[in-house]
Amino acid sequence: MKENEELIKSILKIPHKILSNMELSFNEKLILSLDYTLSFKRGYNKYTNLYIGELFGINQNIVGKCRRQLIEKKYLVKDGDDKRFYRLTDKLDNVEITLKDKREVLLPFEVYNHPHLQTGAKLLWGEYNSMSKGDKEYFSKRDTTANRLNASKESITIWTKQLNEYGFLDKYEHNSGYYTKQKIVKTRDLTKRIGDTNEDV
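Here our numbering = 1-based position in the sequence shown + 12.
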C-alpha cells in the first residue's frame, strides 16, 4: 500500500505548542502532530481512524474520539466539501506556553509505530532525543521533563524505564547530589532516520 510506504519514511514534527499543551491528552498530542506534519506538505489529513490507529498502536475508536475532541477544541476542522479531509486551524498560532523551552520534537517511524510503547513514552523519547540525538547525554530533573510534557513525575519514570526496556536508550543512569537528583539519558542513535527532515509524510 502506497500510504504505508510513505509513512515508513516519515518523520513526525511536534512543536512545543503541542508537546507542552495542557489542553491536550497524550493521544491527542500524537494525533495532532500528524495533522501538523501533513499541513506542511499536503495541507490536509485524509487518513482513516483505522489507519492512524494502526500507525500509532491506538484503538481506532480512541482515534475517532480524539479527533472529535480536537475539532471541539478548535485545533482541527473537517473540509466543507469532503468530510474525509481534516485540516489544521490557526489555533496553534495563538496558543501560549509559559515554558521558555521552544524545542521542536521529531519522532521517527520506529518510535511512534512501536506496538508496545505507551503514547507518553513515545513523546518522551522525542523529548530526550531533541537534546541527546544519540550522541550527547540528556541531563534533567524529573520535574523539568514532566513540565515539558505536562505529565506527572511518576509517569516520566515509568516511560523512561519502558524506553530502556525496549532498547530505545543507550544510557539510563541517575546522578545524585546533596540537594538534587538528575537522570542521565542517552537515546539510541537513529540519526539515519531523523537526519533528513524533508522526508515527511
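C-beta atoms are modelled at their ideal positions from N, C-alpha and C, and glycine is treated no differently.
Same chain, Cβ closer than 7 Å to residue i, neighbours up to 5 away in sequence not counted
i	result
Gly-65	Asn-71, Gln-72, Val-75
Arg-200	Gly-146, Gly-179, Phe-180, Leu-181, Asp-182
Nearest neighbour of residue i, chosen from the options [CA to CA]
i	options	result
Tyr-56	Lys-173, Arg-80, Arg-96, Gln-81	Arg-96
His-126	Tyr-87, Ser-164, Leu-88, Tyr-178	Tyr-178
Asn-61	Leu-44, Tyr-87, Lys-153	Leu-44
Lys-53	Ile-23, Glu-108, Asp-102, Ile-170	Ile-23
Asn-106	Lys-85, Gln-174, Thr-169	Lys-85
Cutoff 8 Å; reference residue i; Cβ partners in own chain excluding five residues on either side
i	result
Met-34	Asn-162
Ile-109	His-28, Lys-29, Ser-32, Asn-33
For residue j and residue i, the rounded distance between their alpha carbons
i	j	result
Met-13	Gly-92	Because Met-13 carries a pLDDT of 44, less than 50, the predicted location of this residue cannot be relied on, and the following value inherits that uncertainty. Those two C-alpha atoms are separated by around 28 Å.
Thr-156	Pro-120	24 Å
Lys-195	Lys-90	42 Å
Asp-47	Arg-99	7 Å
Met-143	Ala-158	15 Å
Thr-131	Phe-38	6 Å
Thr-172	Glu-185	11 Å
Ile-83	Lys-198	37 Å
Leu-135	Asp-102	23 Å
Leu-129	Glu-166	16 Å
Classification of residue i by the beta-carbon crowding that lies within 10 angstroms, buried from 16 upward
i	result
Arg-79	buried
Gly-138	buried
Arg-160	buried
Lys-114	exposed
Leu-88	buried
Lys-112	exposed
Lys-25	buried
6 Å Cβ shell around residue i - same chain, five flanking residues per side excluded
i	result
Lys-58	Arg-96, Phe-97
(message) At 4 residues or longer, what runs of the alpha helix (DSSP H) sit wholly inside the segment 75-151?
(response) 103-106, 121-124, 131-144
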